[in-house]
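Take a look at the structure below.
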Amino acid sequence: MRTLSGIISCLQPKKVLDVGAGTGFLSNILSEMGLDVTGVDLSRGMLTQAKEGMRVQRSNGNPSPVPDHQDKIRNVYNLCQGDAEGLPFQSSSFDLVVSRHLLWTLPHPARAVAEWKRILRPGGMMIAIDGNWFDPAISKKIGREISGLLAGFSQDHNPVPFRQIYKPIEKDLPLFQASRPDQCLALFMSAGLEKAKVDRLDEVNRFYKKNTSLSFRMANSDTVFMVFGERGESEN
């Protein structure tokens, strides 16, 4: 998360929105940095898990796992239910909008990016962390097949059952097999975001290679990336 920390240090945002907050992983990290964080998710079940996670962390007094924040206890952040493609917030409400592993799950990702831009203040930044989990390239397909075989023998986690969950709606998700850095970057640029760039998150991918099982590595080599861009200062 050093790249994210560096961006935040330069941007110095006050109000942050975590879209598709899920269990609150990213919201927790951002709140530990002293930011005013709101997490929004469509699933009530995920929001319940996030609230429970906050309660447990606060009651246990667990210190932050983030470097330079080890002496801080996890902060409470706001949570609300909402659709990533139609958010319940006024325009220009946030300094930073972040998402993690969300874009590829959306039926209308371009609509979502435009909506996230709407709630950004002029000069604010949008960050999307995502992964090309189902890359159609032959080498990647072979890796996933081998991963499934290895996981079958070891009862390890693998992406095969995970993919089956999305099988009924796969055709309705434009980025299901196309969540590549260039595709997501194109979404940002089409929405009119300035200084749009891709970070390949080499450090994160190296961590996965070093600390995950062989079956996971076979299916997910060099998968995770980050795209970011700014809303123009002159935009109303």
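If you're matching positions, the sequence shown starts at 20 in our numbering and goes up one per residue.
Yeah, the Cβ is synthetic: ideal placement off N, Cα and C, and Gly gets one too.
Note that the structure is a prediction, hence the values are computed from the model and not measured.
Check your understanding: What residues match up with V132 in a beta bridge as DSSP calls it?
Key -> Within the sequence shown, residue 132 is the residue found at index 113, counting from 1. DSSP, once it has assigned bridges, lists no residue as partnering V132.
Review point. Rounded to the nearest angstrom, how far is the Cβ of L262 from that of K70, given a contact under 8 Å?
Key: Since the displayed the chain opens at 20 and closes at 255, residue 262 lies outside it and no answer follows.
Review point. In terms of DSSP beta bridges, what is K216 paired with?
Key: The count along the sequence shown starts at 1 and reaches residue 216 at position 197. BP columns for K216 point to F247.
Point to revise | Proximity of L192 and C203 at Cβ, strictly below 9 Å | key: If you number the sequence shown from 1, residue 192 lands on position 173. If you number the sequence shown from 1, residue 203 lands on position 184. Contact: no.
Check your understanding: Where does S118 fall in DSSP's three states?
Key -> Taking the sequence shown and counting its residues from 1, the one referred to as residue 118 is at position 99. Three-state result, S118: strand.
Check your understanding: Whose C-beta lies closer than 7 Å to the C-beta of I157 among residues of the same chain, with five residues either side of it excluded?
Key -> For the purposes of this step, residue 157 is taken as residue 138 along the sequence shown, with counting starting at 1. Confidence is the limiting factor: at I157 the pLDDT is only 49, short of 50, which leaves the residue's position unreliable and the question unanswerable from this model.
Review point. Whose C-beta lies closer than 7 Å to the C-beta of G251 among residues of the same chain, with five residues either side of it excluded?
Key: Against the sequence shown, residue 251 aligns to sequence position 232. Closer than 7 Å at Cβ, skipping near neighbours: P141 and E213.
Practice item. Using 10 angstroms around the beta-carbon of K136, count the other beta-carbons present and answer buried if the total reaches 16, otherwise exposed. Key: Reading the sequence shown from its first residue, position 117 is the one you call residue 136. Buried.
Review point. For the putative contact between I138 and S118, defined by C-beta atoms under 8 Å, what is the C-beta separation to the nearest angstrom?
Key: On the sequence shown, position 119 is the one that residue 138 refers to. On the sequence shown, position 99 is the one that residue 118 refers to. Actually they do not touch by this definition, with Cβ atoms about 12 Å apart.
Check your understanding: Could you give the residue range of the beta strand (DSSP E) that holds P141?
Key -> Within the sequence shown, numbered from 1, the residue matching residue 141 stands at position 122. Unbroken beta strand (DSSP E) run through P141: L139 to G150.
Check your understanding: Which class does L36 belong to by DSSP, given the choice of helix, strand or coil?
Key -> Taking the sequence shown and counting its residues from 1, the one referred to as residue 36 is at position 17. In this structure, L36 counts as strand in the three-state DSSP scheme.
Point to revise | Top-ranked residue by Cα proximity to L61, from G101, S50, Q196 and A215 | key: Residue mapping note: residue 61 aligns to position 42 of the sequence shown, counting from 1. It is G101 whose Cα lies nearest to the Cα of L61.
Check your understanding: Sorted by chain position, which residues of the same chain lie with C-beta nearer than 8 Å to A133's C-beta, five sequence neighbours on each side aside?
Key -> Numbered from its first residue, the sequence shown carries residue 133 at position 114. Excluding positions up to five away in sequence, the list reads A210.
Point to revise | CA-to-CA distance, V56 to G267, given in whole angstroms | key: Because residue 267 is not part of the residues shown, which for the chain are 20 to 255, the question remains open.
Check your understanding: Per DSSP, L98 forms a beta bridge with which residues?
Key -> Stepping through the sequence shown from its first residue, residue 98 is reached at position 79. DSSP lists G58 as partners of L98.
Point to revise | Run of the alpha helix (DSSP H) containing Q202, from where it starts to where it stops | key: The residue you call residue 202 lines up with position 183 of the sequence shown. Element bounds for Q202: P200 to S209.
Check your understanding: Can you give the Cα-Cα distance for S46 and L122, rounded to whole angstroms?
Key -> Taking the first residue of the sequence shown as 1, we reach residue 46 at position 27. Taking the first residue of the sequence shown as 1, we reach residue 122 at position 103. Cα to Cα, S46 sits roughly 17 Å from L122.
Practice item. Per DSSP, which residues does F113 bridge with? Please list them. Key: Your numbering for residue 113 matches position 94 in the sequence shown. Paired residues: L139.
Check your understanding: Going by beta carbon distance, what residues of the same chain come within less than 7 Å of R199, once the five residues before and after it are set aside?
Key -> Looking up residue 199 in the sequence shown gives position 180. Contacts found: N151.
Exercise for review: Step through the CB atoms of chain C and report whether any lies within less than 9 Å of the CB of F247.
Suggested key: Among the chains of the structure shown, chain C does not appear; only one protein chain is present.
Practice item. Assign G64 to one of three DSSP states: helix, strand, or coil. Key: Within the sequence shown, numbered from 1, the residue matching residue 64 stands at position 45. Reduced to three states, the DSSP call for G64 is helix.
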